[in-house]
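J.: Numbered per my numbering, the sequence shown spans residues 254 to 308.
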Amino acid sequence: MRRQIKRSRLYHLINIISPINHLSNAKVDAWGGAIIIGISISGVFLMRTLLAAAQ
Numbered sequence: 254m255r256r257q258i259k260r261s262r263l264y265h266l267i268n269i270i271s272p273i274n275h276l277s278n279a280k281v282d283a284w285g286g287a288i289i290i291g292i293s294i295s296g297v298f299l300m301r302t303l304l305a306a307a308q
């Protein structure tokens, strides 16, 4: 019996947009998650900076 591997939603989204081999999908999933987190943190930092400068 094969073990079912749980995939994240980001994995499936990337697979729909650009299907690539499954060995590199784990790396793409990790990098995609890191990029999304980085963009989110940058956005929060930018908004806080702009709000502080406006006061």
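Note that beta-carbon positions come from the ideal geometry of N, C-alpha and C, so glycine has one too.
1. Measuring straight from C-alpha to C-alpha, what distance separates isoleucine 294 and serine 261?
2. Could you pull out every residue in the same chain whose Cβ sits closer than 7 Å to the Cβ of lysine 280, ignoring the five residues on either side in sequence?
3. For alanine 306, I'd like the list of residues in its chain whose CB is within less than 8 Å of its CB, leaving aside the five on either flank, ordered along the chain.
4. Using a threshold of 8 Å, state whether the C-beta atoms of isoleucine 267 and aspartate 282 are closer than that.
5. Assuming the contact rule is C-beta atoms closer than 8 Å, glycine 285 and leucine 263 should be a hit. Round their C-beta distance to whole Å, please.
T.: So, from the listed chains and residues:
1. Rounded to the nearest angstrom, the two C-alpha atoms are 21 Å apart.
2. None.
3. In its chain, beyond the 5 residues on either side, no residue has a beta carbon closer than 8 Å to the beta carbon of alanine 306.
4. Yes.
5. 5 Å between Cβ atoms; contact.
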